[in-house]
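Residue numbers (this note's numbering), protein chains in the order written: chain P, 1 to 330; chain U, 1001 to 1168; chain G, 2001 to 2508.
Note that the Cβ used here is the ideal one computed from N, Cα and C, for glycine as well.
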């Protein structure tokens, strides 16, 4: 079915090009533009961080009239991104399907090789930002003011220390594992659905610590409910001047979550160039820049081959981390 | 009716067993210090389903439930045709989504239902067959920006690209 | 107190600015129609229209979205009553008595009851919201996984005895709903679960709507097709009429349901405040309790007006309630408020306790607009009732294909996945056959709504406690809720026992 569809699609394109070549010799040179609504697949459910970012980009495009057609978000939250990845795989050669990805873009294919997807298959459009992580505790813990206090308190409680996070083998789980091995802790990792929920569990004292993104904890932080102890960034985050980086504390460890726009595998070169241009404009818009600042997002825009190289490097890093964790073998 | 009750209970019983087997892909027991494993919830609930099916069969044997007492035919000929035609037309309509898209299939479904099942006049049929897809298109594709299936690419390119140009 | 009133008056000045007033009316109307569409609820309405709101200032934007939210909550009752298809999970409980009422030719009464109950629920909760907000937010924050599980148990417990007379079939129905709820991803272990045949469509789980539209939409329509065939093509969706006289007598009768409306409003508001709970468990619990306290519990499920009033008052009250943790804590109480929250952040407003002081205009403008939205929603809703009644009087063979189309599109729209459409048709056909054999299906729909909330909460709690069930009984909020749930669950078992004891006494 899919095959015949593609053949027909190809036929359609060939016919279209034929007509264009005969009738309008000049038109072939004009730049490619989408002619129907573009699907923007979100690897997560409605209302989550990725979903909000996608709807925000959609609104920037609509407001500034950057594209002639609407960009329509569609949520494929199943199986930690597995559903979205399989869907994209089925859209091979499609010029109208984009996806917004997180780090599950690397980890899910590694953990589920049966899906048969690799990062190399996808079309690199644009990295919009890198989200950062910090270690958080509740402000009621007056006894914990730095990482040393934290280590002492967590050690004392052994595996009764609850670290809340967003799902097994997720970014939060990897960071928890890092802390456990680096500091010799036995914190218990409890997975919740979504970073907002995790942040709330900490603010309500239902968890002892979290490794939330700054944006997820910002509301509670500003209300004085939670406090960051240290961040997994190369340099201190402007919003949390008092929180050192783990690098400063002598642990050479930096971790980011990408927020990247990915195109369907085998997208045509013209479409690829078009979307790269489109999201460059989105990235440079004052709205997006303001959003990044407010959410403590970092990272420059990255696209084409540079983005592909970044993916490959990150994939290998995650492979190492997952192997260490025991989530995957070889 | 009696036969149907038996068949349904057996089919659902087998389905319950399949669910148990499928749930057992994840640990179904108690993991010390963690609580039940990932498969426990569906596994034990499927087991309850299976037990219920056995109880339904017991009731069937003892003729205790109303359907197992009834001698009525489960689906008489007329009902089978009436319901079968409707269910069948739904399945065909949805299958046609892949080929001629929602906006090709809906008018056909309307014509079939209104004209052949409903025996309404052709003018009424024509109104239903045009108003339904047009209203759907403006409500979903245009106003809400929910793109409904358009079928094969060739359909979308020839029919909808000009429409998108006008309305989007 | 005087302070609050002053703020509120300022808020009204903002809400009644021409642009904002227009947005309220527009939002209520759009919301009403989105909510009335099977498959589309407030979540879809708000998510889809969010990008539109960047064209107006933030206060106008949130007013618009809140009006859509409100309108959709009203609208959800319309498809529940007229077609028997719950448009969103919040409206499931409304079908239990709304649809039977419509079948008895009293669709007008049910629709009026739903609209007015929604109004009462909405108004009471906005008043509560205005005067007792911040302390409750802290209760909400303390609510963790154990409390959530206890609450789900309570929601289940209020429904004991909802099923049919055939006990094995009722239990089967509950169990299959809970198993379907487990399809997708096990979030605790991160492993895919019950992905039948490795079909990617099962990875996102079985959406409640797919089962509900399948059973209540397709299945129910096939059932009506059979009835219609047996009645020689004479059956109708509802032969309601609407006259001024009837409306007046309906209103009189509705006055007697004020207790139910109040109960539903308060319950809905407090459940709505709790994070992750939202309006669905609130409306289910309100229905269950209305039945328990009713003098005529046997009428429930067969067309009791109280059975429409309770869930409708509760779900509207809960939708306001769920805005409280969103505004004060930045925690969404429902998926819809999660999207509203996203909007707020994009507009440059950081939710949290400081929002009330830093952006008082915004907060009080919103609160005032909730009062206004509520008023407009009920007026618009009631104004449309004659039109809805007229639609119901169309010949069945014209109405039926329209409903089938609504079901199919409604099954497709939320996930935009053909997989869900096929699954829905399969549920419809199997559901129709099972219904013919007296399998009660409402418990399955309830179970698939509550299951995804209950199971992770239970396992997270046990993970925290290291496998000890005592965690549900030792925490200050969880313990009373859990004990109440267990007592309610035990009641039906105790009743026959008590009867037995009493019977023996009587004989002796």
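For the putative contact between residue i and residue j, defined by C-beta atoms under 8 Å, what is the C-beta separation to the nearest angstrom?
{"i": "residue 2309 (chain G)", "j": "residue 2454 (chain G)", "result": "With a Cβ gap of about 27 Å, residue 2309 (chain G) and residue 2454 (chain G) do not count as contacting."}
{"i": "residue 1144 (chain U)", "j": "residue 2048 (chain G)", "result": "5 Å"}
{"i": "residue 2137 (chain G)", "j": "residue 2297 (chain G)", "result": "36 Å between Cβ atoms; not a contact."}
{"i": "residue 2113 (chain G)", "j": "residue 2305 (chain G)", "result": "5 Å"}
{"i": "residue 2301 (chain G)", "j": "residue 2100 (chain G)", "result": "7 Å"}
{"i": "residue 2141 (chain G)", "j": "residue 204 (chain P)", "result": "4 Å"}
{"i": "residue 2211 (chain G)", "j": "residue 2444 (chain G)", "result": "7 Å"}
{"i": "residue 281 (chain P)", "j": "residue 66 (chain P)", "result": "5 Å"}
If you measure between the beta carbons of residue i and residue j, is that distance less than 8 Å?
{"i": "residue 1035 (chain U)", "j": "residue 1027 (chain U)", "result": "no"}
{"i": "residue 2316 (chain G)", "j": "residue 2121 (chain G)", "result": "yes"}
{"i": "residue 2263 (chain G)", "j": "residue 2158 (chain G)", "result": "no"}
{"i": "residue 343 (chain P)", "j": "residue 287 (chain P)", "result": "Residue numbering for chain P in the displayed model covers 1 to 330; residue 343 (chain P) lies beyond these limits and cannot be assessed."}
{"i": "residue 2268 (chain G)", "j": "residue 2334 (chain G)", "result": "no"}
{"i": "residue 164 (chain P)", "j": "residue 202 (chain P)", "result": "yes"}
{"i": "residue 1155 (chain U)", "j": "residue 1100 (chain U)", "result": "yes"}
{"i": "residue 2204 (chain G)", "j": "residue 90 (chain P)", "result": "no"}
{"i": "residue 2424 (chain G)", "j": "residue 2213 (chain G)", "result": "yes"}
Going along the chain, which residues of its own chain have a beta-carbon closer than 6 Å to the beta-carbon of residue i, five neighbours each way excluded?
{"i": "residue 257 (chain P)", "result": "102, 103, 131 and 171"}
{"i": "residue 2088 (chain G)", "result": "2041 and 2076"}
{"i": "residue 2180 (chain G)", "result": "2206 and 2448"}
{"i": "residue 42 (chain P)", "result": "50, 51, 54, 73, 75 and 100"}
In this structure, how does DSSP classify residue i when only helix, strand and coil are distinguished?
{"i": "residue 1060 (chain U)", "result": "helix"}
{"i": "residue 24 (chain P)", "result": "Caution applies to residue 24 (chain P), whose pLDDT of 43 falls short of 50 and renders its modelled position unreliable; the value that the coordinates give is listed next. Residue state, collapsed to three classes: coil."}
{"i": "residue 1149 (chain U)", "result": "coil"}
{"i": "residue 188 (chain P)", "result": "strand"}
{"i": "residue 2455 (chain G)", "result": "helix"}
{"i": "residue 165 (chain P)", "result": "strand"}
{"i": "residue 74 (chain P)", "result": "strand"}
{"i": "residue 2021 (chain G)", "result": "helix"}
{"i": "residue 227 (chain P)", "result": "strand"}
{"i": "residue 2362 (chain G)", "result": "helix"}
{"i": "residue 29 (chain P)", "result": "Reliability of the predicted coordinates at residue 29 (chain P) is poor, the pLDDT of 48 falling under 50, and the value obtained from them is presented with this limitation in mind. It is helical."}
{"i": "residue 257 (chain P)", "result": "strand"}
{"i": "residue 1091 (chain U)", "result": "helix"}
{"i": "residue 288 (chain P)", "result": "helix"}
{"i": "residue 170 (chain P)", "result": "coil"}
{"i": "residue 2334 (chain G)", "result": "coil"}
{"i": "residue 263 (chain P)", "result": "strand"}
{"i": "residue 1036 (chain U)", "result": "strand"}
{"i": "residue 135 (chain P)", "result": "strand"}
{"i": "residue 58 (chain P)", "result": "helix"}
Starting from residue i and walking both ways along the beta strand (DSSP E), at which residues does that stretch end?
{"i": "residue 141 (chain P)", "result": "From DSSP, residue 141 (chain P) is part of no beta strand (DSSP E); its letter is neither H nor E."}
{"i": "residue 2184 (chain G)", "result": "2184-2186"}
{"i": "residue 126 (chain P)", "result": "123-131"}
{"i": "residue 339 (chain P)", "result": "Nothing in the structure corresponds to residue 339 (chain P), since chain P is present only between 1 and 330."}
{"i": "residue 100 (chain P)", "result": "97-101"}
{"i": "residue 2191 (chain G)", "result": "2191-2193"}
In the DSSP assignment, find the unbroken alpha helix (DSSP H) run with residue i in it and report its ends.
{"i": "residue 2153 (chain G)", "result": "2145-2157"}
{"i": "residue 323 (chain P)", "result": "304-325"}
{"i": "residue 2435 (chain G)", "result": "2418-2436"}
{"i": "residue 2094 (chain G)", "result": "2092-2103"}
{"i": "residue 2129 (chain G)", "result": "2107-2131"}
{"i": "residue 201 (chain P)", "result": "195-203"}
{"i": "residue 206 (chain P)", "result": "Note, residue 206 (chain P): premise wrong, no alpha helix (DSSP H); not H, not E."}
Give me, in chain order, the residues of the same chain whose beta-carbon lies closer than 8 Å to that of residue i; leave out the 5 immediate sequence neighbours on both sides.
{"i": "residue 2472 (chain G)", "result": "2146, 2149, 2150, 2461, 2478, 2479 and 2482"}
{"i": "residue 72 (chain P)", "result": "37, 38, 39, 40 and 58"}
{"i": "residue 2008 (chain G)", "result": "2130, 2364, 2367 and 2368"}
{"i": "residue 249 (chain P)", "result": "147 and 230"}
In chain order, what residues of the same chain lie with their CB nearer than 7 Å to the CB of residue i, ignoring the 5 residues before and after it?
{"i": "residue 2028 (chain G)", "result": "2067, 2070, 2071, 2373, 2376, 2377 and 2380"}
{"i": "residue 266 (chain P)", "result": "92 and 93"}
{"i": "residue 32 (chain P)", "result": "270, 271 and 274"}
Where the stretch 68-90 of chain P meets chain A: residues whose CB sits under 7 Å from a CB there: Structure shown: chain A not included; protein chains present are P, U and G.
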